[in-house]
Amino acid sequence: MKIKLDALIENIGVEAGLVFNTDGVLLEFQQLEYPGNIAAMSGVLLTMCKELLEDLKYGVTNELILQGEKGLFFVKKLKNDEYLGLFTKDPSKLGLIHLKMQNSL
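Below is the structure:
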């Protein structure tokens with residue numbers, strides 16, 4: 002299923018988003034500065050998480066949440082090697098992000 006990134010961002014009310022793969026290749030983005038750099042770093046991060054979960058025998062990475070003092074980065078596996086990343090300055094939107102992702106995929 003192809004995700005409509007612009008509609009998803011508007012519907013949830015997050016600031017930005019991107020679709021990328023574990024090689025860090027940017028596939029799509031909306032409202033994001035330096036999307037190529039962010040996709041590359043996100044690919045590295047997912048590779049590290051994949052290896053960690055394999056070592057722990059926890060299975061595959063389906064979701065990743067990074068929360069900082071000023072915002073939240075949410076990553077969800079879409080299919081095979083594609084991931085969705087959403088950015089928000091309001092961490093309370095995490096519940097809404099989860100709800101919309103269950104209904105969108």
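Start counting the sequence shown at 2; every next residue gets the next number (this note's numbering). Idealized CB from N, CA, C, for every residue including glycine. Predicted model only: the values in this text are computed from it and were never measured.
Excluding the 5 residues flanking it on each side, Y35 has no same chain C-beta neighbour closer than 8 Å. If you look at I4, you'll find it isn't in any beta strand (DSSP E); DSSP assigns it neither H nor E. In the three-state scheme derived from DSSP, where H, G and I count as helix and E and B as strand, Q32 is classed as coil. Between the segment 90-97 and the segment 26-43 there are fewer than three inter-stretch CB-CB distances shorter than 8 Å, so the stretches are not counted as touching.
For V20, the enclosing beta strand (DSSP E) begins and ends at 17-22.
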